[in-house]
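Numbering (this note's numbering), first residue to last: 10 to 545.
Even glycine gets a Cβ: it sits at the ideal position worked out from N, Cα and C.
Since the structure comes first, as structure tokens, the remarks are kept for the end.
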Amino acid sequence: LPGGAITHDIYKWAEDVENEQLARRQRSQSFYVPRSEPVDPTLARLKDPGGFRRHFVVKNAARQGREPPHWMTRTFVDFLALYGHFGGEDLSDDEGEEDDDDLVEDDYLESGLRRRRRRRRSDDGEEDNEESSLIRRAQANAVQGTATPAKAVFLLLKSFVGTGVMFLPKAFYNGGILFSTGLLSAIAMISLYTFLLLVETRNKVPVSFGDIGGVLFGKGMRFAVLTAITFSQMGFVCAYMVFVAQNVQALIESVSQCDLRVPLSYLILGQIAIFVPLAMIRKIQKLSAFALIADLFILVGLVYLYYYDFLTLASQGVADVEWVINYKSFPMFIGTAVFTYEGVGLVIPITESMAEPEKFPKVLSGTMVFITGVFLSVGFVSYLAFGSEVQTVILLNMPGTAVVNTVQGLYALAICLSIPLQLFPAIRIVENGLFTRSGKYNNTVKWQKNVFRFVSVLICACIAIGGSADLDKFVSLAGSLFCVPLCFLFPPLFHLKACAKSWRQKAIDITIIIFGVVSMTYTTGITIALWSQGGE
């Protein structure tokens with residue numbers, strides 16, 4: 010290129026310095042508090058919608074001595090970056106960064122903290138040496154967010170309201186109205202308390218969800234947390250695939266007037282053609298358009314569901330329901346209820362995104378009350394409307410009119426577009442464990458990662474086919490095995506080790522731990538027994 014020789018030496022010098030830094034011995038470090046970002050954004054940020062304007066605002070704020078806006082909450086596109094920090098983990102793809110072939114592989118907390126230390130060196134030009142502190146002091150403004158409480162509420166709503174709400178009417182059938190209402194309220198309160206325990210523990214041990222377990226209990230606990238996160242996300246993906254297939258099947262039957270019935274297995278396998286290309290996306294911000302459309306369609310589906318439920322109750326009255334408890338299948342309700350509160354992995358990054366993190370408990374409490382009200386009303390009203398005829402996916406109870414077909418199609422499309430977002434954390438966590446080298450400069454590694462992502466989607470599809478005949482039991486099993494530990498086991502266990510001082514705190518933590526272990530064991534066993542018997 011014309012003038013290329015002028016800048017060649019500069020880039021060569023920068024590359025030599027970078028290689029020299031990477032070659033130095035890296036010290037193990039148990040704690041990490043991320044520092045503020047550099048003022049200059051990357052080229053990828055400039056290419057985002059409004060990137061140049063935000064760059065001007067950031068530079069102007071720096072000149073005036075004010076804190077620049079935080080990266081997590083500047084735009085809707087940046088909301089998706091929360092999934093790149095799911096559970097506080099650093100899940101951004103290595104292929105957008107420098108080659109890490111020469112990284113030392115014996116760090117105590119493995120890839121997550123290694124990558125964050127490497128980024129910190131590139132951000133501030135410093136490197137850890139023998140004179141660096143082993144434990145850095147947690148600075149109040151280390152990651153200074155700008156999200157207001159109202160914006161935090163919006164982020165929490167987007168995190169918790171998804172497909173799980175559509176399974177609640179069937180869950181109310183499994184549990185009975187009184188039992189389901191009381192238990193869902195109790196689970197909401199316990200979940201809120203454990204979320205706050207997680208935030209308090211994170212303030213004491215300022216690392217990610219998995220790394221908290223690693224710091225407090227060793228590598229085995231970190232592995233357990235990341236395993237639960239991975240399989241819970243895969244459980245969401247499998248349930249979503251069945252959900253989409255059932256809605257598309259009902260839509261095809263309605264349009265063809267039952268002349269054409271496509272097996273669920275074919276419809277699930279057909280989704281692979283959509284999800285494999287989306288799974289290859291390395292930058293989660295590129296999924297922004299899909300996520301925005303999905304949120305809009307989910308809102309449309311919920312509004313129409315309320316409308317049709319009240320219309321059915323007004324015209325046909327209350328259906329045959331179990332008012333107190335359904336003794337045959339009530340344990341299945343627990344797993345489904347916990348599965349519904351699917352946003353635990355985003356609690357830490359949303360806390361970090363707030364300008365005043367101390368207000369997060371109040372914000373989370375109010376949001377959980379509202380979300381629980383929505384969940385209770387959907388489950389209660391829909392079960393009253395359809396009774397024992399309620400389907401696992403409540404949208405399937407609606408008649409095959411043009412409006413209903415449109416709503417079913419939009420909601421199925423919404424969930425279809427949400428699946429890559431749910432799969433992203435699981436894929437990145439496993440990739441961080443399997444691959445120690447980046448594929449940026451190595452096509453072999455890049456294609457190995459591509460094959461892994463294809464196999465991941467294929468595995469999810471196969472599991473979805475296996476659970477498609479009994480979706481309610483599959484959801485309950487996934488919730489019991491993986492979501493219950495994330496909500497009721499790990500947070501109180503970590504709080505007990507790191508923060509609990511008084512006997513009252515310790516007693517509450519131990520009680521929740523016992524509740525989590527009993528719930529996970531009992532509901533998993535009952536669900537498997539019901540599944541093997543083929544009973545309701």
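In the DSSP assignment, the alpha helix (DSSP H) including Phe204 goes from what residue to what residue? Residues 186-213.
Could you tell me the distance, in whole angstroms, from the CA atom of Cys496 to the CA atom of Asp268? Taking the straight line joining both Cα atoms gives about 45 angstroms.
Out of Tyr202, Leu385, Ile535, state which residue places its alpha-carbon closest to the alpha-carbon of Ser338. When only C-alpha atoms are compared, the closest one is Ile535.
Am I right that Ser391 and Ile403 are in contact with their C-beta atoms under 8 angstroms? What's the rounded C-beta distance? 5 angstroms between Cβ atoms; contact.
Near Glu107, which residues of its chain fall below 6 angstroms by C-beta distance, leaving aside the five closest residues on each side in sequence? Residue placement at Glu107 is flagged as unreliable, the pLDDT there being 41, under the threshold of 50; a coordinate-derived value is accordingly withheld.
Met377, enclosing alpha helix (DSSP H) - first and last residue: Here the alpha helix (DSSP H) through Met377 covers 369-395.
So, helix, strand or coil for Met363, using DSSP? It is a strand residue.
Say whether the region 512-523 touches the region 222-233, bearing in mind that this needs 3 or more beta-carbon pairs closer than 8 angstroms, one atom from each stretch. The region 512-523 vs the region 222-233: no contact.
In the structure shown, what three-state DSSP assignment does Thr329 receive? Position check: residue 329 holds Asp in this sequence, whereas Thr was assumed. Asp329 sits in coil when the DSSP states are folded into three classes, being neither helix nor strand.
Between the beta-carbon of Gly244 and the beta-carbon of Ala478, is there less than 8 angstroms? No, the Cβ-Cβ distance between Gly244 and Ala478 is not below 8 angstroms.
DSSP three-state assignment for Ala90, whether helix, strand or coil: Low confidence applies to Ala90: its pLDDT is 48, below 50, so where it sits in the model is not reliable, and the reading given next is rough at best. For Ala90, the secondary structure class from DSSP, reduced to helix, strand or coil, is helix.
From the DSSP output, in three-state form, read off Ser217 for me. It is coil, neither helix nor strand.
Compute the distance between the beta-carbons of Leu260 and Gln431, then report whether it is under 8 angstroms. No, the Cβ-Cβ distance between Leu260 and Gln431 is not below 8 angstroms.
In the structure shown, what three-state DSSP assignment does Pro50 receive? Caution applies to Pro50, whose pLDDT of 46 falls short of 50 and renders its modelled position unreliable; the value that the coordinates give is listed next. Looking at Pro50 - three-state DSSP - the assignment turns out to be coil, as it is neither helix nor strand.
Quick check: the region 193-207 against the region 321-341, are at least 3 beta-carbon pairs closer than 8 angstroms? Verdict: no, contact absent.
Kindly give me the distance between the Cβ atoms of Val208 and Gly219, rounded to whole angstroms, as I take these residues to be in contact under 8 angstroms. Contact doesn't hold; Cβ gap of about 16 angstroms is too wide.
Helix, strand or coil: which one does DSSP assign to Ile302? Note: Ile302 maps to helix in three-state DSSP.
Does the pairing of the region 459-476 with the region 495-513 give three or more beta-carbon distances under 8 angstroms? Flag = no, the region 459-476 and the region 495-513 do not touch.
For Phe339, does the three-state DSSP call read helix, strand or coil? Three-state DSSP puts Phe339 in coil, outside helix and strand.
Leaving out the 5 sequence neighbours to the left and right, which residues in its chain are closer than 8 angstroms to Asn414 when beta-carbon positions are compared? Within the same chain, Leu260, Ser263, Val264 come within 8 angstroms of Asn414 by CB-CB distance, once the 5 residues on both sides are set aside.
Can you find at least 3 beta carbon pairs, one from the region 316-333 and one from the region 159-166, that sit closer than 8 angstroms? By the Cβ rule, the region 316-333 does not count as touching the region 159-166, because fewer than three pairs are nearer than 8 angstroms.
Out of Asp304, Ile424, Val439, Thr203, which has the shortest C-alpha to C-alpha gap to Tyr249? Closest by alpha carbon: Ile424.
When you compare the CB positions of Ile468 and Pro501, do they come within less than 8 angstroms of one another, or not? No. Outside cutoff.
Member of Phe240, Cys247, Ile277, Gln242 whose CA lies at the smallest distance from the CA of Gln258: It is Ile277 whose Cα lies nearest to the Cα of Gln258.
Taking all protein chains shown into account, do 16 or more other C-beta atoms lie within 10 angstroms of the C-beta of Lys510, making it buried, or fewer, making it exposed? For Lys510, the number of other beta carbons within 10 angstroms of its own is below 16, and it is reported as exposed.
Nearest residue (CA-CA) to Gly525, options Arg437, Ile343, Val383: The option with the nearest alpha carbon to Gly525 is Ile343.
Nearest residue (CA-CA) to Ser324, options Asn459, Gln280, Phe395, Ser362: Residue Phe395 is the option with its Cα nearest to Ser324.
Of all the alpha helix (DSSP H) runs that stay within the bounds of the region 245-279, which reach a length of 4 or more residues? With a minimum length of 4 residues, the continuous alpha helix (DSSP H) runs that stay inside the region 245-279 are 273-279.
Whole-angstrom distance between Ala346 and Asp137, CA atom to CA atom: Because the pLDDT of Asp137 is 47, which lies under 50, any placement of that residue in the model is unreliable, and the number read from its coordinates should be weighed accordingly. Taking the straight line from one Cα to the other gives about 46 angstroms.
Can you tell me the Cβ-Cβ gap for Ser489 and Thr533, rounded? I've got them flagged as a contact below 8 angstroms. That pair is a contact at about 4 angstroms.
Around the C-beta of Met529, are 16 or more other C-beta atoms found within 10 angstroms, so that it is buried, or is it exposed? By the 10 Å Cβ count, Met529 comes out buried.
At the level of alpha carbons, what is the spacing between Glu367 and Leu355? Going from the Cα of Glu367 to the Cα of Leu355 covers about 17 angstroms.
May I ask you to verify whether the region 433-440 touches the region 454-462, counting CB pairs closer than 8 angstroms and requiring at least 3? Output reads yes: the region 454-462 touches the region 433-440.
According to DSSP, simplified to helix, strand and coil, what is Gly352? If DSSP states are grouped into helix, strand and coil, Gly352 belongs with coil.
Do Gly352 and Ser168 count as a contact pair if the criterion is CB distance below 8 angstroms? Yes, they are a contact pair.
If you follow the alpha helix (DSSP H) that Asn459 is in, where does it begin and where does it stop? Here the alpha helix (DSSP H) through Asn459 covers 452-476.
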